[in-house]
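In our numbering, the protein residues as written are -2 to 351.
Glycine included, each C-beta is placed from N, C-alpha and C at the ideal position.
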Amino acid sequence: MYSIHVLGLGAGDLQQMTLGVYKEIQQAKQLYLRTKEHPVVQELEEQGLQYQAFDAIYEQHEQFEQVYQHITDALFAAVKQHHVIHYAVPGHPLVAEKTVQLLLEQAAHQQCQINILGGQSFLDPLLASIQVDPVEGLGFHDALRLQAHHLQPQQHTVITQVYDSYVASEVKLTLMDIFPDEHPITVVQAAGSSQEKLLSIPLYELDRITLLSNLTALYVPPTQEPEAVNRQYYRSREIFRQLRGPDGCPWDKEQTHQSLTKYLLEEASEVVQAIEEGDIDHLVEELGDVLLQVFLHAQIGEDEGLFNMEDVIQSLNDKMIRRHPHVFGQKKLEQAEDVIEQWERIKREEQQGK
């Protein structure tokens, strides 16, 4: 069987590399690096290290997914030629290293064994630099895949691969969907190495700095500011549980599905009025009032042990996927009339036997 030994180069300088990895590198006959842009590589070159790096592949593709698959394919081709090869990556092989994940996923099909020899990940020196205990709650994200719904503003957040101003700009815009523009953040460069630099700036300045490279990570501290916290779904769940809790609101605690019926009708009519008036601010408020009714009904269901808000959301999501096979499946529809006909047909099929 073919064998690829994956080595972690550590977070920075040669002194951070584990002794086991260092010995393995010295003994490697066929050594490949995902990138030579790492502080330890220059030091190893001075000791006569011979290797092949994949940096040129980054210039051949527009998407990182294509780059990582190209590197993976090249490694499997190399191991079939040499039977045993070594592949070294920055940090720890199982921390934010997509090529290693692809190797592990495709190893069985390639009849290849993957052996992992870990190095120190950048997380350890990074957490030491920003003085954060991850047990308090830590979100760890890839800048290239970051979306607003991934973020929890009440947790510490670390974002990797903020390597140029374009990525920084995209990250900034995503963070500003949650955090205030002035929210303090820390840019960490080459954590734990002799080149380590920390720069504290307000969020809105993120894409204006020059301290960006493949060794850059971003730390976003937690916040309790209502501007950030009150935009979150879980905060609504907390509010309605508290309203119906032992120390909650007397009016909310005595409501039933039946008693709330008239309010749902009133709020729906006020939404229609806001739409007809073209008043966007009013529409936002009235849609919130309709959502208030949904949350309150769901909390009553939870208190009675019958259903909760997650059941409501799951029912909605399942239905939308099921009734849109032309979007979430293989079927294709071009006309709105065809969509309506399909919706009604699927609805009739669901109701058969009920």
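| Query | Result |
| --- | --- |
| Can you say whether S256 is buried or exposed, counting buried as having 16 or more other CB atoms within 10 angstroms of its CB? | exposed |
| Contact check, L209 vs A165 under 8 Å by CB: the rounded distance? | 6 Å |
| How big is the Cα-Cα spacing for P420 and I236? | Residue 420 is absent from the model: the chain starts at -2 and stops at 351. |
| At which residues does the alpha helix (DSSP H) containing Q339 begin and terminate? | A333 to Q348 |
| Can you tell me which of H180, A145, T183 and P181 puts its alpha carbon nearest to the alpha carbon of E167? | A145 |
| Kindly indicate which residue of E301, Q117, D70 and Q47 has the alpha-carbon position closest to the one of R241. | E301 |
| Closest to L293 by CA distance: which of I272, E263 and Q252 is it? | Q252 |
| For E133, count the other beta carbons within 10 Å of its own beta carbon; 16 or more makes it buried, fewer makes it exposed. Which is it? | exposed |
| How far does the beta strand (DSSP E) with I182 in it reach, from first residue to last? | P181 to Q186 |
| Just to confirm, is the Cβ distance from D178 to Y201 under 7 Å? | yes |
| CA-CA distance, V185 and E282? | 40 Å |
| Expressed to the nearest angstrom, what Euclidean distance is found between the alpha-carbon atoms of Q296 and Q110? | 51 Å |
| For G285, tell me which candidate among E299, G298 and V268 has the shortest Cα-Cα distance. | V268 |
| Could you check where the beta strand (DSSP E) with I277 kicks off and where it finishes? | From DSSP, I277 is part of no beta strand (DSSP E) but of the alpha helix (DSSP H) over I277 to D300. |
| Give a yes or no on contact between the region 100 to 117 and the region 147 to 155, applying the rule of three or more CB pairs nearer than 8 Å. | no |
| How is L262 classed by DSSP in three states: helix, strand or coil? | helix |
| What's the C-alpha gap between V287 and H153? | 33 Å |
| In its own chain, which residues sit with a C-beta less than 7 Å from the C-beta of H35, not counting the 5 before and 5 after it? | L6 and P87 |
| Where does I310 sit, in a helix, a strand or coil, going by DSSP? | helix |
| Quick one, which of Q221, E43 and D139 has its alpha-carbon nearest Q176's? | Residue 176 is actually Phe in this sequence, not Gln. Answer by Cα proximity: Q221. |
| With respect to the beta strand (DSSP E) encompassing Y29, which residues constitute its N-terminal and C-terminal limits? | L28 to L30 |
| Within its chain, find whatever has a CB closer than 6 Å to the CB of Y19; leave out the 5 residues flanking it on each side and keep chain order. | none |
| Along the chain, where does the alpha helix (DSSP H) containing Y55 start, and where does it finish? | Unbroken run through Y55: none, as it is neither H nor E. |
| Taking DSSP as the reference, what is the three-state secondary structure of K20? | helix |
| Could you tell me the alpha carbon to alpha carbon distance between H79 and A50, rounded to whole angstroms? | 17 Å |
| So, S190 versus G9, is the Cβ gap smaller than 7 Å? | yes |
| Could you round the C-beta distance between L280 and I272 to whole angstroms and report it? I think they count as a contact, below 8 Å. | 6 Å |
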